[in-house]
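Asks:
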Amino acid sequence: MQLPEEFKSRMKDLLGEDYDSFISSFEDKAAVRALRVNTLKINKADFAERTSLDLTPLSFSENGFIFNEEKVGADPLHHAGAYYVQDPGAMCTVSAVSHIMRPDMRVLDLCAAPGGKSTQLLEYLTDGYLVSNEIDRKRCRILRSNLERMGAVRATLTNTDSEDIANSFGGIFDLVVCDAPCSGEGMMRKYDEAVTEWSVENVLMCAERQREILANAAECVAPGGYLLYSTCTFSLEENEMTVDKFLTRHEDFKIVPVLESVVASTADGVNFEGHIHGMKECRRFYPHISDGEGQFLCLMKRDGDAAVYIPKQKKKGKEKTADALSKEETAAVEKFFSDNIDNEPHAFIKLGDTVMMTDGLPTHRSCLFAGVAVGSVVKGRLEPHHHLFSALGTSFKRKVELSSSSPEAAAYLSGEVIDTDKKNGWCAVLIDGCSAGGGKIVDGKVKNHYPKGLRLLK
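Residue 535, in my numbering, is where the sequence shown stops; the numbers in between run on with no holes.
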């Protein structure tokens with residue numbers, strides 16, 4: 078790998094005597110492959126028993142493992158949302174705050190695509206909720222697909238910029254995660270474009286943008302709440318220098334320690350020349366220290382008596398984000414749930430043509446979904462959405478249960494009709510206990526409703 082000479086010179090100045098070990102990690106070691114078990118759908122012990130992957134546990138992530146296989150896209154368990162492929166450094170970021178997480182927290186993931194951190198955060202939030210935001214429309218579609226595959230229930234997905242989020246929600250979140258867009262130096266071992274697109278000018282441009290995003294993120298933190306800032310780059314400008322400037326301008330925030338096992342797997346932050354605030358408690362994830370790519374993270378806490386902006390409630394009819402269901406739509410949804418799902422009553426709204434099971438989750442004018450996308454009412458009947466099967470599949474009255482190693486699982490994921498002895502009606506299709514999707518049983522056959530865009534190619 079031919080790294081830019083100016084990048085290497087900057088890293089030598091940064092790392093000193095550790096520089097040779099750092100460079101060797103690019104020359105002698107391949108990028109690490111890792112995954113995180115999705116406990117929204119399966120526990121770690123059951124996954125380890127059912128997967129064919131060779132797994133090595135990560136020390137800093139309770140549900141994280143290194144694996145060696147190159148491609149897992151055809152793995153039925155991956156399709157069913159049993160795990161998320163995620164770099165150890167990225168996984169480390171959310172693991173670093175696991176000691177402060179509570180089930181009832183209100184959390185914002187401000188720059189969320191492709192969804193690794195959002196889906197990891199959701200595992201903690203059984204009573205709270207997550208607002209998962211992404212400004213880029215194309216990347217937001219990928220984020221939505223991953224949230225649906227992993228069975229997200231307590232999430233609102235928005236597609237807007239950080240300033241709009243700050244102005245719309247204000248300081249209501251117990252934790253804000255700001256994984257800011259960066260120059261990507263930490264991904265150079267993994268992606269060739271991270272090498273070819275690197276320049277000092279891009280580093281400085283990213284740092285300027287990060288300062289703006291981080292300031293908007295701060296506006297969303299509640300008194301006594303936390304702000305987690307992270308990047309996948311090594312530069313001082315984008316990391317410690319950005320944090321130092323932020324703390325100087327926001328005296329109601331201070332750096333606090335992260336999870337001890339993350340401290341043990343990372344290097345201290347760098348007290349650069351001219352720094353005002355101590356940076357040692359920031360964490361740097363290096364490929365020559367731990368298995369994985371580059372990552373920087375810093376956890377900050379806001380004063381409990383900080384004054385925060387809370388937007389005034391909009392008048393009815395202004396900036397409407399959702400509609401109530403009509404009587405016909407309500408009847409269709411209630412009948413579908415009564416006929417097909419063993420579940421408690423829920424609260425529903427409509428975003429566009431799609432019925433959403435929100436159960437009190439916040440909405441926003443840029444919402445793509447809030448809670449669970451239930452489906453659309455057509456001619457008095459509910460046509461269920463894939464998200465409903467993925468999120469509530471285990472609660473369906475009719476479940477077609479398949480082994481991940483069976484030909485039936487591969488057939489279902491390829492869009493084929495499969496046989497069943499279940500009674501007629503809508504069903505969820507479970508693979509090793511994880512709901513992969515749904516179908517409609519008609520006379521011993523499951524008519525396949527696995528989305529065409531997700532199907533295995535023959």
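The C-beta atom is built at its ideal place from N, Cα and C for all residues, glycine as well.
In its own chain, which residues sit with a C-beta less than 8 Å from the C-beta of Leu459, not counting the 5 before and 5 after it?
Replies: For this step, residue 459 is matched to residue 382 along the sequence shown. If we look at Leu459 and ignore the five residues flanking it on each side, its Cβ neighbours are Ala409, Val410, Lys412, Phe413, Val432, Val451, Gly452 and Ser453.
Asks: For the alpha helix (DSSP H) that contains Cys283, what are its first and last residues?
Replies: Here the question's residue 283 lines up with position 206 in the sequence shown. It spans Val277 to Ala295 - the alpha helix (DSSP H) in which Cys283 sits, taken as one unbroken run.
Asks: Starting from Arg216, trace the alpha helix (DSSP H) both ways and give me its first and last residue.
Replies: Against the sequence shown, residue 216 aligns to sequence position 139. Arg216 -> alpha helix (DSSP H) spans Arg214 to Arg226.
Asks: Considering only the beta carbon of each residue, do Leu479 and Val506 sit closer than 8 Å?
Replies: Taking the sequence shown and counting its residues from 1, the one referred to as residue 479 is at position 402. Taking the sequence shown and counting its residues from 1, the one referred to as residue 506 is at position 429. Yes, they are a contact pair.
Asks: Can you name the residues that DSSP bridges to Ala301?
Replies: Here residue 301 refers to the residue found at position 224 of the sequence shown. Before going on, a small fix: residue 301 reads as Gly here, not Ala. Looking at the DSSP assignment, Gly301 forms no beta bridge with any residue, so it has no partner.
Asks: Taking the alpha helix (DSSP H) that Arg326 belongs to, which residues open and close that run?
Replies: Here the question's residue 326 lines up with position 249 in the sequence shown. Where Arg326 is concerned, the enclosing alpha helix (DSSP H) stretches over Glu317 to Arg326.
Asks: The alpha helix (DSSP H) spanning Ser172 covers which residue range?
Replies: Translated into the one-based positions of the sequence shown, residue 172 becomes position 95. It spans Pro165 to Ser172 - the alpha helix (DSSP H) in which Ser172 sits, taken as one unbroken run.
Asks: What does a CB cutoff of less than 8 Å around Lys85 pick up in its chain, not counting 5 residues either side in sequence?
Replies: Taking the first residue of the sequence shown as 1, we reach residue 85 at position 8. Excluding residues within five positions, the ones whose Cβ falls inside 8 Å are Ile100.
Asks: How would you label Leu518, buried or exposed, when you count the other beta carbons within 10 angstroms and need 16 or more for buried?
Replies: If you number the sequence shown from 1, residue 518 lands on position 441. A small fix is needed here, since residue 518 is Ile in this sequence, not Leu. Burial call: buried.
Asks: Tell me which same chain residues have a C-beta within less than 6 Å of the C-beta of Gly247, skipping the five on either side of it?
Replies: Here residue 247 refers to the residue found at position 170 when the sequence shown is read from its first residue. Same-chain partners within the cutoff: Tyr386, Ile387 and Pro388.
Asks: Between the C-alpha atoms of Asp256 and Phe473, what's the straight-line distance to the nearest angstrom?
Replies: As a first step, residue 256 is located in the sequence shown; it is residue number 179 there, counting from the start. As a first step, residue 473 is located in the sequence shown; it is residue number 396 there, counting from the start. Between Asp256 and Phe473, the C-alpha separation is close to 36 Å.
Asks: Indicate whether the contact test is met: 3 or more Cβ pairs, each with one atom in the stretch 166–184 and one in the stretch 130–145, closer than 8 Å.
Replies: Counting Cβ pairs under 8 Å, three or more are found: they touch.
Asks: Considering Glu240, what are the terminal residues of the alpha helix (DSSP H) in which it resides?
Replies: Here residue 240 corresponds to residue number 163 of the sequence shown, with the count starting at 1. Looking at the DSSP string, the run of the alpha helix (DSSP H) that includes Glu240 is Ser239 to Phe246.
Asks: Mind checking which residues open and close the alpha helix (DSSP H) that includes Glu460?
Replies: Along the sequence shown, one-based indexing puts residue 460 at 383. First-last for Glu460: Arg458 to Pro461, but that is the beta strand (DSSP E), not the alpha helix (DSSP H).
Asks: Rounded to the nearest angstrom, what separates His513 and Thr128 at their Cα positions?
Replies: The count along the sequence shown starts at 1 and reaches residue 513 at position 436. The count along the sequence shown starts at 1 and reaches residue 128 at position 51. According to the sequence shown, residue 513 is Ala rather than His. Looking at the two C-alpha atoms, the distance is approximately 15 Å.
Asks: At the level of alpha carbons, what is the spacing between Arg110 and Leu130?
Replies: On the sequence shown, position 33 is the one that residue 110 refers to. On the sequence shown, position 53 is the one that residue 130 refers to. Answer to the nearest angstrom: the Cα atoms are 12 Å apart.
Asks: Please identify the residue among Ser415, Leu402, Asp97 and Phe446 whose C-alpha is closest to the C-alpha of Arg475.
Replies: Counting from 1 along the sequence shown, the entry for residue 475 is found at position 398. Residue Ser415 is the option with its Cα nearest to Arg475.
Asks: Buried or exposed for Val335, please, with buried defined as at least 16 other CB atoms from any protein chain shown within 10 angstroms of its CB.
Replies: As a working note, residue 335 is residue 258 in the sequence shown. Its Cβ being crowded by 16 or more others within 10 Å, Val335 is buried.
Asks: Whole angstroms is fine: what's the gap from Val277's alpha carbon to Gly263's?
Replies: Start at 1 with the first residue of the sequence shown, and residue 277 comes out as number 200. Start at 1 with the first residue of the sequence shown, and residue 263 comes out as number 186. C-alpha separation (whole angstroms): 15 Å.
Asks: Answer with buried or exposed for Thr325, where buried requires no fewer than 16 other C-beta atoms within 10 angstroms of its C-beta.
Replies: Numbered from its first residue, the sequence shown carries residue 325 at position 248. Exposed: under 16 other Cβ atoms inside 10 Å.
Asks: State the beta-bridge partners of Cys188 as determined by DSSP.
Replies: Numbered from its first residue, the sequence shown carries residue 188 at position 111. Note: Cys188 sits in no beta bridge, so no partner.
Asks: For a test of the three-state rule: what should DSSP assign to Arg361, helix, strand or coil?
Replies: Residue numbering aside, residue 361 sits at position 284 when the sequence shown is read from its first letter. Correct three-state label for Arg361: strand.
Asks: Residues in its own chain within less than 6 Å of Ala383 by CB, not counting five upstream and five downstream?
Replies: As a position in the sequence shown, residue 383 is number 306, starting the count at 1. Pro300 and Asp329, listed in sequence order.
Asks: What first and last residue would you give for the alpha helix (DSSP H) that runs through Ile100?
Replies: Here residue 100 refers to the residue found at position 23 of the sequence shown. Unbroken alpha helix (DSSP H) run through Ile100: Tyr96 to Asp105.
Asks: Note down the Cα distance separating Glu126 from Thr435, rounded to an integer number of angstroms.
Replies: On the sequence shown, position 49 is the one that residue 126 refers to. On the sequence shown, position 358 is the one that residue 435 refers to. Going from the Cα of Glu126 to the Cα of Thr435 covers about 34 Å.
Asks: Quick check on this structure: which residue in His352, Phe323 and Phe362 has the alpha carbon closest to the alpha carbon of Ser338?
Replies: Counting from 1 along the sequence shown, the entry for residue 338 is found at position 261. Checking every option, the nearest Cα to that of Ser338 belongs to Phe362.
Asks: Short of 6 Å in beta carbon distance, which residues of its chain neighbour Ile495, apart from the five on each side in sequence? Order them along the chain.
Replies: Here residue 495 corresponds to residue number 418 of the sequence shown, with the count starting at 1. Closer than 6 Å at Cβ, skipping near neighbours: Glu485, Ala488, Tyr489 and Val523.
Asks: Measure the C-alpha to C-alpha separation of Asp345 and Thr497 and round it to an integer number of angstroms.
Replies: Residue 345 sits at position 268 when you count from the first residue of the sequence shown. Residue 497 sits at position 420 when you count from the first residue of the sequence shown. Near 57 Å, if we compare the C-alpha coordinates of Thr497 and Asp345.
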